[in-house]
Structures are given as C-alpha cells and as structure tokens.
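Notes to accompany the following structure.
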Ligand SMILES: Cc1ncc(C[n+]2csc(CCOP(=O)(O)OP(=O)(O)O)c2C)c(N)n1
Ligand SMILES: [Mg+2]
C-alpha cells in the first residue's frame, strides 16, 4: 500500500490501465505535455508516449466525438474535460451519440468511453469553475455516472470505469483532490495521509460500479450523499450529535438501490445531501426512490440539503455550499418530526 | 485590406495611448500583489504584455459599438472606460462592482459602455457577438460589434460557426484575435494545423490581416481601417494581433511549457518599451512625462483599491435575485 491523494490515485489508475491494456488512450486539453491542470496525468506522456497520452486543442465536442470514434473502433479512450463547467460544448455528442449508440444498433456497436471531469465548488471558482452537473447526466439513459469521495475509491472506480463496456462520466470532486474536506474553509487543510482511504494499492484493483458504501454505520437516520459531501456529512453528524448512518452513493447510475433502501428502512429517516442545485437535482431521484421503496418504514419526511437554485455565487461560496450546519439542521429536523 | 498610413503622431495622442497602457499595467501589477495578499481571490488572468491591443483598439472604436470580451478582460474594460473603481470592486466581489459583485474577474459587464462581458468559456463570446451585430444590422444602428478572443478559441466550433454566419449575413463584426501564442500550456503549433490564424478567415471570405500586437499604432490604425469598412457595410473583418502574455496563464500556472528566455525576449519588445522608445525618439515625451503618468496611474489604482475595500458586500438575503426576471418561488 502507498499513501496517495486523489490526484495521485487517479494518476495511478491511468498508469495501471495504460500499462496493462494497449487499447487505453488518455487525452484532453493540456493532459500530455503539461500533465493536466490538476496534475492528474502528470508524467504519463513521458512514460507511455505521445500516441497513448495526447493533447488536444480546446474543442470539447471534438474530444468526446473522437473518443466515440476510437471507442467504437476498438480502443478504450479516457478523455479529460478540464472542468465539468466546460463539458457543455460536448453535450450533444454525449447525449445524441455516445449514450445511444448501443441502443440504436440493437447492441452491435458501442463505445466504452470514460470521460473524467473535475466538479464541485470550494476553490473560489465562481459560476464557471464550480458546477456539479451530475444530475444533468444521470437523466440521460445509456451512460453511467460515478463520483468517488476518496483516493481509494477514485482509483478502483476509475479502473472499473475504463474496463466497463458502457460509457462512464466520472466526476472528480476537485475540492477533495488533496485532502478530505469537512465543509469548514477556515480550518487548516488536512492531507489524505490522515485518512484511512488515503491508503491505496499501487497495482490493479477494481471497485464495482453500482455499489454504494456505508461509511458510517448508525441507527437513527440515514444520510445519502456522495463526493465532497460525504466528509461534510461526517462533520454534520458530530455537530448534530445523532447516530446517523452515512451512505456514500459512489455511483449514481447504476444506483445501488438495495444498500440505500436497506439503510433507510432500518433507520426510518433520511436526509439527502448534495452540492448541486436542488430543483431536479439527483437528490430528487434519491428521494423518489426512497419513497417508493421505504414508504412504510419512514417516520419523517425526507429532507434534502443542497446548493441554492442559483449559479454558484462568486463572492459567497460558503453561503451557497451546503455545509455541516445546514445538514445538521436537517438531521435535527428529521429526528424531531413525529 | 489596404494598410493606411498612420496619421501624424501628435504628442497628445501619443501620451494618451501611453497612459491607457500604463493604467492597465498598473492595475494588473496591483492585482498580482493583491492576489498574493489574498485580498483578491478566485481565478485571475492578467493582461501584462498585451496592453497595446486594448489601448490601440479602443482608441479606434466608438461608444456606440458593442464589445464582447474574454476572461482576460481587465484591460479591455479599462480601455473601454469602465471606471477603474468599479472594475476593482468587481474583482473584490463587492456590490459596487461593474457586475454588482456577481461576476468577478472573468465576468466584467457594463451596460452603459456596451460592454457585453468577460466570458470564462473559451469561444463562448464569439456567437454572441454575431447576434449583437445581427441586431445592430436589423435595427439599422450605425455601430459595429468588436469581439475579442484568444488563439485557443480558434479550435472551438463556435469560432467557425461565428465567422460563417457573420460573413453569410454580412454583419458588422470586428473579430479581434489576441494571439499570444499559447492557450494555457498549449503552444499554437501544437493546437492548430494552420498556425496563421488570419488565413482561416479566407475560407469564409472574410478579409483579414495579421499585425504586430506590440505596436499600439499598428493596432489602432488597423482597427480604425477595419471599422471604417465595416461601418460602410462591407461586412466582417478579422484582425490577428500577434502579442504575448508576460505573466502566467492564471495564478495557478507553473509555466512549465515555455522558457524563461523566450519570455525575456518578448519583454524586450513589449508594448510599453516599444511606445516609449518611439515617443522619446520623436521628442514627444520626456522621462518626467513618463514618471508623471506612472504616478497618476498608480494613484488611480490606489484609489480604486480603497474604493473596493470600503464598498459593501451584497446582502446574503438578496443572492437569490436575478436568476429570473421575477423572483420565481416554488
Ligand atoms: C470551453 C472551455 N474549455 C476550456 C477552458 C479552460 N481554459 C481556460 S483558458 C484556456 C486557454 C485559452 O487560451 P486562449 O484562447 O489562447 O486565451 P489566452 O488565455 O491565451 O488569453 C483554457 C483551455 C475554458 N475556459 N472553456
Ligand atoms: Mg492565447
């Protein structure tokens, strides 16, 4: 085992897959020569050459389209979109082509493309460097959607994504690239070496897509969350002083309904937390699923804690961000409901 | 396009251009400091080295023209006449900022100066400029739309869609490419099969020229010439200004993609040196003139920082406003 932060774990996953599968090609804006804006592809071009790790011009539509062509023609492309906020020029290719290829050819063609992209706020990026658009993609059938919350999962899930026969949009919460973050920007940064999930095997391992993880067992209430918010939820549990069970959803599509709903049926209460805007956010899908599966076990209305229904404000990031206090208030709220 | 002979250079005009550039330089250098002191936060892209483009272009544009810009737009906003106080306050995120504190460094807007924004999305502004110009044409406004964009934007589909639409509909758009040879860490020749950007315009039958973007007079003359043709109904023009950014791409850029020596080489032909050498040689400027201008610009920046510091924040309670025309409540 080695100590890795999330950047290193992602780099390691790409390294492992480039090493063992000659079909894997890593590419995107400034990923090769420069090593990636967040350094996730640092050193890979030097190690594997320009034919395996390549730079592209600024053309997101072209990047994803090229990935589709490569994927359908026998390669395993891993494309980086530098920020999730820049994925929209590629949206047509993702929705109209990538997601539907298998269906419209009755299974004859498909493109096993992985699109990696950093998401989320907490780095003062304002409205164009902070978005969490996972819900936009979970609404498109034909693509899988993954968001890890720690280095160990990031590596294992990225390897699974690359090995998956279907296209995967792999969101990387950039606020936790370098360390877990509990939602308090005034505390000194904590490195991943202080966290058990900062221990990452050097070689190949896979974490199955479609499996949630209970990161904190508890009996009073279930928190369904993912990405950065897993750590914020942990802080909120301390703050609220309730025995909450925290479920890290990890993969939104396919969704591990079983693990999620078993937990809610056990606790009888549910709080859903995500950073993305609330209306039609992925929390709405989670809430509907819980309602359908756990209705007779629920002792309180489900509560959602989310970003506001506004763009990420430039100067008020921490007001928008659904921090521990907001989650704690929801926890108390569902505990008090009778 | 015929290169016009520059009008005889007067002292007043020469010093006005120098002043426009010095203001930008002083502003950007202060931003750099303020960022180090964490008084400005977030993403910040400085314009050092490219001042001649903004100063020259805006000397030739008119108040009725519409302007579309990029995220590296402090210089454009200042040269356009957006008050420095309001630009600085916007960088601080204060309510008195030119975008009400909502936009930050990458999203400077100013309605009264027809400044239609910085834009953090590479190439995002190009098609909007086409729309602005189409509206100008349909309404019969005697104005044009000037659209700034970087060499990196040329790779996006929007660039090509915009050039075609502007040419097809013969729109009053002035495409102003700031070719500083790099898009973040990617040198132009690693991103473009044809590195001569002005040649691309030919495919859309748009007249184009490449020029020395370090020479403020070259920029001013070319923009004035192009604007005259556009105002006369001649349709769009593209100018490729060859320039260089002296500082890092943003504040998080270790600049591993270029040599120090290359930067030094370009600094030697920088826009301020080029202009001051020329003005001094012509006897139009003394060292005292230069010192005085620099002092005045620094004083203006001091005042802008003080203004930004003492300006109020938007109340958190109003942050949900302006998502829709009417506040929309479920
Ligand atoms: C659609 C989109 N893709 C990627 C980015 C990330 N990005 C920001 S600036 C930049 C480089 C742009 O270079 P250029 O157009 O030459 O402008 P310069 O920074 O040199 O002024 C990139 C890739 C972005 N902002 N928007
Ligand atoms: Mg550039």
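Protein chains in written order, with the working numbering: chain A, 488 to 825; chain B, 23 to 352. Note that the Cβ used here is the ideal one computed from N, Cα and C, for glycine as well.
Contact holds between the stretch 198-218 of chain B and the stretch 517-535 of chain A, because three or more Cβ pairs, one in each stretch, are under 8 Å apart. Within the chosen limit of 8 Å, ligand 1 does not reach the beta carbon of residue 579 of chain A with any heavy atom. In terms of beta-carbon proximity, residue 671 of chain A stays away from the interface with chain B, with every pair separated by 9 Å or more. Within chain A, the residues placing a beta-carbon under 8 Å from that of residue 279 of chain B are 520 and 521, ordered along the chain. DSSP places residue 495 of chain A within a helical segment (H, G or I) once states are collapsed to three. When beta bridges are read from the DSSP output, residue 733 of chain A appears opposite A/703 and A/710.
Rounded to the nearest angstrom, the gap between the Cα atoms of residue 590 of chain A and residue 622 of chain A is 21 Å. Residue 46 of chain B and residue 268 of chain B have their C-alpha atoms some 13 Å from each other. In this structure, the straight-line span from the alpha carbon of residue 691 of chain A to that of residue 126 of chain B is close to 43 Å. Not one heavy atom of ligand 2 lies closer than 8 Å to the C-beta of residue 264 of chain B. Between the C-alpha atoms of residue 540 of chain A and residue 547 of chain A there is a straight-line separation of about 17 Å.
For residue 261 of chain B, the enclosing beta strand (DSSP E) starts and ends at 259-264. When the five nearest sequence neighbours on each side are left out, the beta carbons in the same chain lying within less than 8 Å of the beta carbon of residue 86 of chain B are those of 136, 163, 164 and 165, in order along the chain. In the DSSP annotation of this structure, the continuous segment of the beta strand (DSSP E) that includes residue 761 of chain A starts and ends at 757-764. Chain order gives the chain B residues near residue 801 of chain A as 64, 115, 123, 124, 125, 126 and 129, where near means a beta carbon separation below 8 Å. In the DSSP assignment, residue 563 of chain A forms a beta bridge with A/511. Non-local C-beta neighbours of residue 711 of chain A in its own chain, meaning closer than 7 Å and more than five positions away in sequence, comprise 734, 736, 747, 757, 759 and 773, ordered along the chain.
DSSP assignment within the stretch 600-654 of chain A yields the following whole beta strand (DSSP E) runs of 3 residues or more, N-terminal first: 601-606 and 631-633. When the beta-carbon positions are compared, residue 809 of chain A and residue 792 of chain A come within less than 9 Å of each other.
Shown in chain order are the residues whose CB sits closer than 6 Å to a heavy atom of ligand 2: B/172, B/173, B/174, B/202, B/204 and B/205.
Residue 36 of chain B sits in a helix when the DSSP states are folded into three classes.
At least one beta carbon of chain A lies nearer than 9 Å to the beta carbon of residue 335 of chain B. Of all alpha-carbon atoms in A/650, A/611 and A/678, the one lying nearest the alpha-carbon of residue 490 of chain A is that of A/678.
Interface with chain B (9 Å Cβ-Cβ cutoff): residue 682 of chain A is excluded.
Using a cutoff of 8 Å, the CB of residue 238 of chain B does not count as near ligand 1, since none of the ligand's heavy atoms is closer than that. By the C-beta density criterion, residue 626 of chain A is exposed, having fewer than 16 other C-beta atoms within 10 angstroms. DSSP links residue 70 of chain B through a beta bridge to no other residue.
Counting other Cβ atoms within 10 Å of its Cβ, residue 790 of chain A reaches 16 or more and is therefore classed as buried.
Per the DSSP secondary-structure output, residue 167 of chain B pairs in a beta bridge with B/88 and B/195. Listed in chain order, the non-local C-beta contacts of residue 70 of chain B below 6 Å within the same chain comprise 50, 268 and 269, local neighbours out to five positions each way being set aside.
For residue 98 of chain B, the Cβ stays outside the 8 Å cut-off from all heavy atoms of ligand 1.
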